[in-house]
Amino acid sequence: MDGQQAVIDRLRASFRSGISLPEQFRLGQLKALLTLVTDNEQQILEALQKDLAKPKFEAILSEVDMVINELSYTISHLKSWMAPEYVEKNLATKLDDCFVRREPLGVVLIIGAWNYPFQLILLPLIGTIAAGNCAIVKPSEISVTTGKLLADLIPKYLSQECYAVICGGIEETKKLLENRFDHIFYTGSQAVGRSVLQAAAVHLTPVTLELGGKCPCLMYGKLDIQAAAKRLVWAKFFNAGQSCVAPDYVLCNRQTCEALVPALRQALEAFYGQRPRECDDMGRIVSQKHCARLVSLLERSTGKVVIGGETDKEEKYIAPTVLVDVKETDALMEEEIFGPILPIISIDTLADAISFVNAREKPLALYVFSDESKVVHTVLEQTSSGGFCSNDGIVHMCLPGLPFGGVGNSGMGSYHGRWGFETFSHRRACMLRGWGLERVNVLRYPPYTESNLGW
Ligand code: NAD
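The opening residue of the sequence shown carries number 1 in the UniProt record's numbering; numbering runs sequentially from there.
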C-alpha cells in the first residue's frame with residue numbers, strides 16, 4: 001500500500017467511525033486551528049516573505065487575519081448552521097416533521113494555489129471541518145516554504161485521524177486525484193481545473209473549482225479620479241498583482257484615461273516611492289519562470305508603457321507598470337496577467353465597454369468605478385461575474401457573509417463563511433412520518449379508480 005493510499009484509508013476509517021461529526025469535536029478542531037495561527041504567526045509571515053516577498057501588512061491582512069476572521073465567524077455561527085432547517089408544509093404533510101439536515105460528505109481533497117498559499121488551504125479547510133468532514137490538503141509546491149510549514153504544523157494542532165497534509169507537485173497531485181474522494185476543492189488555473197474535473201468524473205465526485213480569469217475594471221461617468229487611482233493601485237499591485245481578483249485591465253474613455261494616468265503615477269509614487277524596487281511594500285513574482293512569462297507578455301505587447309516597465313528576472317521583479325493604447329488583440333489581453341502590469345483600453349461609451357466584457361468569458365470579479373449610481377447599476381445588471389464591487393477592488397472577498405467563487409470559466413461553487421459550510425455539506429431532505437391518518441391513504445393506493453384522480 002503506498003503512502004497516499006494509507007492516508008486516505010486512515011481518514012476514511014475515521015470518518016466512518018463518526019469521530020468528526022459532533023459539534024464539540026468540530027468546535028475543538030476550529031479552536032485548535034485558531035491556536036495554530038496565533039502561536040505561529042511569526043513563522044507564517046516569514047514563510048510568506050520567503051515564498052513571495054509578501055509585505056508584512058499584506059500577509060497579515062490577506063492571509064493571517066482572513067483565516068482568523070473566518071475561524072471566529074465560523075465558531076460563532078456553527079451551532080445555527082448545524083441546526084435542522086424546517087421547511088414549509090402542505091396539507092398532505094401537516095403531521096410530519098419536514099426538514100433539511102446538513103450532513104458531512106466524507107473525505108475531502110483540498111488543492112491550493114501559490115499566490116495566497118496559507119489562506120487558500122486553511123479557508124476551505126475551515127468549511128470542511130465545520131461541516132464535519134475529514135480532509136487531505138495539498139498545498140502548492142511552488143510556494144514551498146509555506147507548504148512545508150503547513151505540513152509541519154497541521155498534524156501538531158489538528159486530529160491526525162481526521163486531517164492530513166500531502167505535499168508534492170504535478171505528478172503527486174495527479175496520482176492523488178486517481179483516488180476516490182467525496183468532494184474535491186481546487187484553487188488554481190483553468191487548464192488544471194479541467195483535468196481535476198476529468199479526474200473527478202471517474203468517481204462522480206462533486207467538485208468546487210476556484211479559478212481565475214481577467215477581471216475588468218470599468219471607469220465611466222463622473223469620478224473622483226484621485227481616489228479611484230489610489231484604490232485601483234492598491235487592488236492591482238497588492239501581492240505584486242498576483243491575486244485572482246486583481247483588476248486585470250481598465251476600460252475607460254480617452255478623457256478619463258488622460259486624467260487617470262497622472263493620478264496613477266501619483267498614487268504609485270505615494271505608495272511605493274520613486275524606486276518601488278527598493279520598497280519593502282512591493283512584493284516579488286513567485287518564481288523566475290512566472291517572471292519570464294510576464295516579461296514576455298510585456299515584450300509582445302504593442303501598448304505604450306507610460307509608467308514603470310522595468311523588469312529583472314534574476315530578482316523576480318516587475319515594476320508596477322501601466323500601458324495605454326492597448327488593443328483588444330494585444331498579448332496582454334490573451335491571458336490573465338497575474339502580475340503588476342495594468343493595461344488601459346480606451347472605449348468611448350459605457351455600452352461598448354459592457355459589450356467588450358460580455359464578449360469574453362465571465363470573470364471572477366468585475367469592478368466599476370463611478371460617482372454615478374446609474375453607471376454602477378447598469379454594469380451590475382448587464383454583466384455577469386463571480387463577484388462585483390463598485391469603487392474599490394478585492395475588498396468584497398473579505399466579508400464572510402458574501403459567497404466567494406466564480407461563474408462560467410472563472411469557476412463553479414463557492415465558499416467563505418456559511419457558503420463554505422454549505423459546499424462541504426449534503427442537504428439531506430428528511431420527512432419523519434408517523435402512522436396517523438392511514439385511512440386517508442386509501443386515496444392513493446391501487447387499484448386506481450376515477451375517485452383516485454380526485455385526490
Ligand atoms: P499552481 O501552479 O500552484 O497550481 C495549483 C495547484 O494545482 C497546485 O497545488 C499544483 O500542485 C496543482 N497542479 C498543477 N498542475 C497540475 C496538474 N497538471 N494536475 C494536477 N494538479 C496540478 O497555481 P496556478 O494554477 O498557477 O494558480 C494561479 C491561478 O489560480 C490563476 O489563474 C488564479 O487566478 C487562480 N486562483 C484562483 C483563486 C480563486 O479563489 N478563485 C485563488 C487563487 C488563484
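Backbone N, C-alpha and C define an ideal beta-carbon position, used for all residues, glycine too. Bear in mind the structure is a predicted one, so any value in this text is a computation, not a measurement.
Thinking just about the alpha-carbon of each residue, which of the options is nearest to the one in residue i?
i: alanine 47; options: Trp114, Leu21 and Ala32; result: Trp114
i: glutamate 335; options: Leu197, Leu297, Glu450 and Asp348; result: Leu297
i: arginine 427; options: Glu85, Glu278 and Ile44; result: Glu85
i: leucine 204; options: Ile184, Ser451 and Thr145; result: Ile184
i: valine 233; options: Gly339, Leu453, Gln255 and Lys222; result: Gly339
i: glycine 171; options: Glu141, Val165 and Phe181; result: Checking the sequence, you will find glutamate at residue 171 rather than glycine. Taking only the C-alpha atoms, the option nearest glutamate 171 is Glu141.
i: glycine 169; options: Asp182, Tyr163, Pro139 and Pro262; result: Pro139
i: histidine 396; options: His416, Ile344 and Ser373; result: His416
i: glutamine 49; options: Thr35, Val64, Leu36 and Thr38; result: Val64
i: aspartate 312; options: Arg300, Val306, Val295 and Lys327; result: Val295
i: alanine 6; options: Leu149, Lys79, Ala164 and Ile154; result: Ala164
i: isoleucine 347; options: Val306, Ile8 and Cys252; result: Cys252
i: aspartate 39; options: Lys156, Gly18 and Lys54; result: Lys156
i: arginine 275; options: Glu23, Ser62 and Glu310; result: Glu310
i: lysine 54; options: Phe237, Ile166 and Ile126; result: Phe237
i: leucine 211; options: Lys56, Leu61, Val202 and Leu197; result: Leu197
i: threonine 423; options: Trp81, Ser17, Gly3 and Ala59; result: Trp81
i: leucine 95; options: Ser451, Asn452, Lys56 and Leu437; result: Leu437
i: threonine 349; options: Cys398, Thr256 and Phe404; result: Thr256
i: glycine 127; options: Ile225, Glu70 and Ile307; result: Glu70
i: serine 373; options: Leu150, Arg293 and Leu223; result: Leu223
i: glutamate 41; options: Phe118, Pro400 and Gly273; result: Phe118
Do residue i and residue j have their C-beta atoms within less than 9 Å of each other?
i: lysine 214; j: aspartate 248; result: yes
i: proline 104; j: glycine 147; result: no
i: arginine 284; j: leucine 45; result: no
i: lysine 174; j: alanine 200; result: no
i: aspartate 371; j: glycine 221; result: yes
i: glycine 317; j: arginine 265; result: Reading the sequence as shown, one finds tyrosine at residue 317 and not glycine. Against a cut-off of 9 Å, the Cβ pair of arginine 265 and tyrosine 317 comes out as no contact.
i: phenylalanine 369; j: serine 390; result: yes
i: leucine 120; j: threonine 35; result: no
i: isoleucine 110; j: arginine 26; result: no
i: isoleucine 136; j: isoleucine 19; result: no
i: isoleucine 68; j: valine 37; result: yes
i: glycine 413; j: valine 207; result: yes
i: aspartate 281; j: glutamate 88; result: no
i: glutamate 178; j: arginine 10; result: no
i: phenylalanine 404; j: arginine 102; result: no
i: alanine 292; j: glycine 308; result: no
i: glutamine 29; j: serine 159; result: yes
Any idea what DSSP makes of residue i, helix, strand or coil?
i: methionine 1; result: Low confidence applies here, because methionine 1 scores a pLDDT of 43, under 50, leaving its location unreliable and the question unanswered by this model.
i: isoleucine 126; result: helix
i: threonine 146; result: helix
i: valine 338; result: Note that residue 338 is phenylalanine in the sequence shown, not valine. Reduced to three states, the DSSP call for phenylalanine 338 is coil.
i: aspartate 312; result: strand
i: glycine 213; result: coil
i: aspartate 371; result: coil
i: valine 440; result: helix
i: alanine 83; result: coil
i: methionine 397; result: helix
i: arginine 26; result: helix
i: proline 276; result: helix
i: glycine 106; result: coil
i: cysteine 291; result: helix
i: alanine 174; result: This sequence places lysine at residue 174; alanine is not what is there. Reduced to three states, the DSSP call for lysine 174 is helix.
i: valine 137; result: strand
i: valine 233; result: helix
i: tyrosine 157; result: helix
i: alanine 164; result: strand
i: isoleucine 19; result: coil
i: serine 355; result: helix
By DSSP's criteria, residue i is part of a beta bridge. Which residues make up the other side?
i: phenylalanine 388; result: Leu366
i: lysine 304; result: Val324
i: phenylalanine 404; result: Tyr415
i: valine 250; result: Cys217 and Ile344
i: methionine 431; result: Cys98
i: isoleucine 184; result: Leu109 and Val207
i: histidine 77; result: Answer is none; histidine 77 lacks a bridge partner.
To the nearest whole angstrom, what separates the beta carbons of residue i and residue j, a pair I think is in contact under 8 Å?
i: glycine 393; j: alanine 235; result: 3 Å
i: glycine 411; j: leucine 209; result: 5 Å
i: serine 385; j: alanine 353; result: About 14 Å; that fails the 8 Å criterion.
i: valine 250; j: leucine 342; result: 7 Å
i: leucine 323; j: serine 301; result: 6 Å
i: valine 326; j: isoleucine 337; result: Their Cβ separation, rounded to whole angstroms, is 11 Å, which puts valine 326 and isoleucine 337 out of contact at 8 Å.
i: glutamine 242; j: valine 286; result: 7 Å
i: leucine 260; j: alanine 229; result: 6 Å
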